[in-house]
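Visitor: This is the structure, below, for whatever I ask next.
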Amino acid sequence: MLDVEIFHCNKTYNQDWLKDKKRSNGIQYKIILAIIDLVKKNSGGAITQKEILNYDEEIKEYLERRKFRIVPSSGTEMTGNGRGIHHAKYSQTKSVAVLWSVIGDGIYITFDDHAPIKFHRAIYSFHQIRLGRPVFPLKPKCSRKMREIVKSKKPWIYKGIDPRDRFYYSK
1 MLDVEIFHCN
11 KTYNQDWLKD
21 KKRSNGIQYK
31 IILAIIDLVK
41 KNSGGAITQK
51 EILNYDEEIK
61 EYLERRKFRI
71 VPSSGTEMTG
81 NGRGIHHAKY
91 SQTKSVAVLW
101 SVIGDGIYIT
111 FDDHAPIKFH
121 RAIYSFHQIR
131 LGRPVFPLKP
141 KCSRKMREIV
151 KSKKPWIYKG
161 IDPRDRFYYS
171 K
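By the UniProt record's numbering, the letter at position 17 of the sequence shown is numbered 17, and the numbering carries on one by one without gaps.
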């Protein structure tokens, strides 16, 4: 059996994010664990919707209520630059996916989102691992703190921050 290593290619989806997911949304965390377990079982190969449904009764009920496919209908393997990389979503409303690839004697698993280009941080990180280079979490398009500031009803000026000045305008 291959060794499994979870690494973080995106600063937003790190160990703290996983802990938060475990506390705040137990079923989504169970789905993430099911995906990882099935990836281990299949030695890093593709997983199917049927395997996910048969994994746990609670997950099956959740997915049947939502009519949501964890595994894309075209399969888990990506095309183009992502060849050899598989992905599966754990939530209908989130753009975040679990991505994995077999590299050498191990299965590498990470989490990434679509923004601004579909899973570009994960694809880049998998290529770096293949080349034997170290991988560090890359900056997200928009951090959690920034999203909270932007979505807040309180005017920015009273928070002591103007995100347009710091992040969006080039000087």
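Idealized CB from N, CA, C, for every residue including glycine.
Rounding to the nearest angstrom, what Cα-Cα distance links Y168 and K153 in this structure?
Guide: Low confidence applies to Y168: its pLDDT is 41, below 50, so where it sits in the model is not reliable, and the reading given next is rough at best. Approximately 20 Å, taken between the alpha carbons.
Visitor: The alpha helix (DSSP H) that contains A122, what's its start and end?
Guide: A122 -> alpha helix (DSSP H) spans 120-130.
Visitor: Decide yes or no for the touch test of the stretch 121-138 against the stretch 82-95: beta carbon pairs closer than 8 Å, at least 3 of them.
Guide: The stretch 121-138 is in contact with the stretch 82-95.
Visitor: Excluding the five sequence neighbours on either side, which residues of its own chain have a C-beta within less than 7 Å of the C-beta of D56, listed in chain order?
Guide: Excluding sequence neighbours, D56 sits near K30, A34.
Visitor: By alpha-carbon positions, which one of I109, V71, K118 ends up nearest to S43?
Guide: Nearest C-alpha to S43: I109.
Visitor: By alpha-carbon positions, which one of A46, Q92, I47 ends up nearest to R65?
Guide: Of the candidates A46, Q92, I47, the one whose C-alpha sits nearest the C-alpha of R65 is Q92.
Visitor: Going by beta carbon distance, what residues of the same chain come within less than 6 Å of K22, once the five residues before and after it are set aside?
Guide: Hits under 6 Å: Y29.
Visitor: Using a Cβ-Cβ cutoff of less than 6 Å, which residues in the same chain neighbour A122 once the five nearest sequence positions on both sides are dropped?
Guide: Excluding positions up to five away in sequence, the list reads C9, L99, T110, D112.
Visitor: May I ask whether a heavy atom of the ligand GTP can be found less than 7 Å away from the beta carbon of R133?
Guide: The ligand GTP is absent from the structure shown, which contains no ligands of any kind.
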